[in-house]
Amino acid sequence: MTTPTHDHQDSAGASPTRSQRTLIVVIAVSLGLVVLAPIALSSQHIYEWARDPMGLGLGVLFAVLAFVALDLAATLCVSMTVYSGLRGEGAGIFGLLTWVFAGGSAWINWQSAETTASPLDGPFFAAMSIAGPVLLEATLARVRKWTRQAAGTQVSAHPRFGIRWLVSPGETLSAWAASRRENIARPELAIAYVRERAALASMSDVDAIRYAWSAMGSYDEYNARLWLQARGRTVTQAAMDEATADRPRTPLQATQIRPILPPVPPDDDPDGRPVPVETDPLAADRAMLATLGSKRDMIRHAFAVRGDYDVPGAVSWLAERGVTITKSDAYAVRKAEQENARAMLRALPSQRA
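When we follow my numbering, the leftmost residue of the sequence shown carries the number 59, and every step to the right adds one.
Right, here's the structure in full:
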């Protein structure tokens, strides 16, 4: 069984093609016309109402200011809502004000349409005023989703299981729930994740730990615990001891294993150009080997770092770090270590079911 890797990548973050850019422009222009048309209609009605002696009775200049105070404020709110959507954010108060102005525009257009002969003018103009914000919200919701997908803050897609719901509803439901909970974008990975959890539940603690090491590709005990806990499995320390009893162990004490800090870069040269710093990727290993007192301990440390008792590999690993040993010495150390491991296994209580 392979370990499912959560695939969150999608084409959302890819650069749009020429046809896609053209379509984006068409969508933006169409949406802009739908949003601005009711504003233009209501601006005419507001101006007429402001000039009407039965309305505000204002002069030409002040009637224009009445339009500016209402419709241009609505335009500002719409613009801020669009800008927030392009940033992947919620519109906040600007979204609320957009609906307030849309409602006011719908009421004004309805009242103005009552003066016409057609009974359908009122519903039409009011519906046009509401249609703009509705389409705006729907479009910006999709834009926000794409923006968050490109930024990696939202899963790109959720898997679709199709007809599998009919042939295996229980497992499909578990896979669907796992895909939502763990942000798994592909159905085969969600199904593999569920099956892996079921397989781990049937294993003993020792076998589960060894399975985790195989899936992770390393023998780190802490990461193995985290990997198993993410799949609903908690193991005991006794099981960890049994699983690691036959693993190579370093002779270094925990207090001796310290990270090697990167070198401090020197000051820039007089011309202000930065001075490059050369780092040695093997410096940390050489520093730890230097703390060991014998070649036997160095061989044990090489076995532990590599995670196996492969003699040629350990000899090569040490040679890359400036330590020369013979294969006969490495074989002798391996034999002694494996005998000690078998003795430790016999002394431990079995954790197998």
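In this text, a Cβ means the ideal position worked out from N, Cα and C, and glycines have one as well.
**Prompt:** Taking C-alpha atoms, which residue in A273, S272, S276 and A266 lies nearest to Q295?
**Reply:** A266
**Asked** Who are the near neighbours of A160 in its chain, counting only those whose CB is closer than 8 angstroms to its CB and skipping five residues on each side?
**Response** Excluding the 5 residues flanking it on each side, A160 has same chain C-beta neighbours closer than 8 angstroms at P96, A132, S187, I188, G190 and P191, in chain order.
**Item:** Inter-residue Cα distance where the pair is R244 and R222
**Value:** Just so you know, the alpha carbons of R244 and R222 end up roughly 14 angstroms apart.
**Asked** Apart from the five residues on each side of it in sequence, which residues of its chain come closer than 8 angstroms, Cβ to Cβ, to T382?
**Response** Contacts found: L376.
**Request:** Indicate whether A259 and A270 have their beta-carbon atoms separated by less than 8 angstroms.
**Result:** no
**Request:** Please report the Cβ distance between Y105 and A121, rounded to the nearest whole angstrom; I am assuming they are in contact, meaning their Cβ atoms lie under 8 angstroms.
**Result:** 5 angstroms
**Request:** Return the residue from the list R76, A127, N167 and A394 that minimises the CA-CA distance to F182.
**Result:** N167
**Message:** What would DSSP say about E195, mapped onto helix, strand or coil?
**Reply:** helix
**Asked** My guess is that R289 and E254 are in contact by the Cβ rule of under 8 angstroms, so how many angstroms apart are they, rounded?
**Response** The C-beta separation of R289 from E254 comes to about 6 angstroms, placing the pair in contact by the 8 angstroms criterion.
**Request:** Can you tell me the Cβ-Cβ gap for G365 and Y277, rounded? I've got them flagged as a contact below 8 angstroms.
**Result:** The distance from the Cβ of G365 to that of Y277 is about 5 angstroms, consistent with a contact at the 8 angstroms cut-off.
**Asked** Exposed or buried, which one is T139 when buried takes at least 16 other CB atoms within 10 Å?
**Response** buried
**Item:** Whether L114 touches A124 by CB criterion (8 angstroms)
**Value:** In contact: L114 and A124 (Cβ atoms closer than 8 angstroms).
**Prompt:** In whole angstroms, what is the alpha-carbon distance linking A208 and G143?
**Reply:** 14 angstroms
**Request:** Could you pull out every unbroken alpha helix (DSSP H) segment of at least 4 residues lying fully inside the stretch 124-189, listed in chain order?
**Result:** You should have 131-144 and 151-171.
**Message:** To the nearest angstrom, how far is the alpha carbon of E279 from that of K203?
**Reply:** 38 angstroms
**Asked** Roughly how many whole angstroms lie between the Cα atoms of G90 and L130?
**Response** 14 angstroms
**Request:** Quick one: which unbroken alpha helix (DSSP H) runs of 4-plus residues sit fully inside the stretch 277-302? Chain order, please.
**Result:** 279-287 and 295-302
**Same chain, Cβ closer than 7 angstroms to A297, five either side skipped, listed in chain order** = D263, V264, I267 and Q409
**Message:** Using C-beta distances below 8 angstroms, list every residue in its chain close to W285, excluding the 5 sequence neighbours before and after it, in chain order.
**Reply:** A270, A273 and M274
**Message:** Do G146 and T205 have their beta-carbon atoms positioned less than 8 angstroms apart in this structure?
**Reply:** yes
**Request:** Could you spell out where the alpha helix (DSSP H) holding G365 opens and where it closes?
**Result:** Counting along the chain, G365 sits inside no alpha helix (DSSP H), nor does DSSP assign it H or E at all.
**Message:** For L178 and A236, I'd like the C-alpha separation in whole angstroms.
**Reply:** 51 angstroms
**Host alpha helix (DSSP H) of D343 (start-end)** = A341 to A348
**Residue range of the alpha helix (DSSP H) that includes V252** = P245 to A259
**For R239 and F219, the rounded distance between their alpha carbons** = 16 angstroms
**Asked** Leaving out five residues before and five after V225 in sequence, what residues of the same chain have Cβ atoms less than 8 angstroms from its Cβ?
**Response** If we look at V225 and ignore the five residues flanking it on each side, it has no Cβ neighbours.
**Request:** Give the straight-line distance between the Cα atoms of K353 and S232, rounded to the nearest whole angstrom.
**Result:** Their backbone Cα atoms lie some 53 angstroms apart in a straight line.
**Request:** Please work out which residues of its chain come closer than 8 angstroms, Cβ to Cβ, to L340, disregarding the five sequence neighbours upstream and downstream, and give them in chain order.
**Result:** Cβ neighbours of L340 beyond the five flanking positions: E378 and R379.
**Item:** V136, buried or exposed, once every other Cβ within 10 Å from all chains shown has been counted against 16
**Value:** With 16 or more Cβ atoms within 10 Å of its Cβ, V136 is classed as buried.
**Item:** V87 burial status per 10 Å Cβ neighbour count (16 or more: buried)
**Value:** Around the beta carbon of V87, fewer than 16 other beta carbons sit within 10 angstroms, so the residue counts as exposed.
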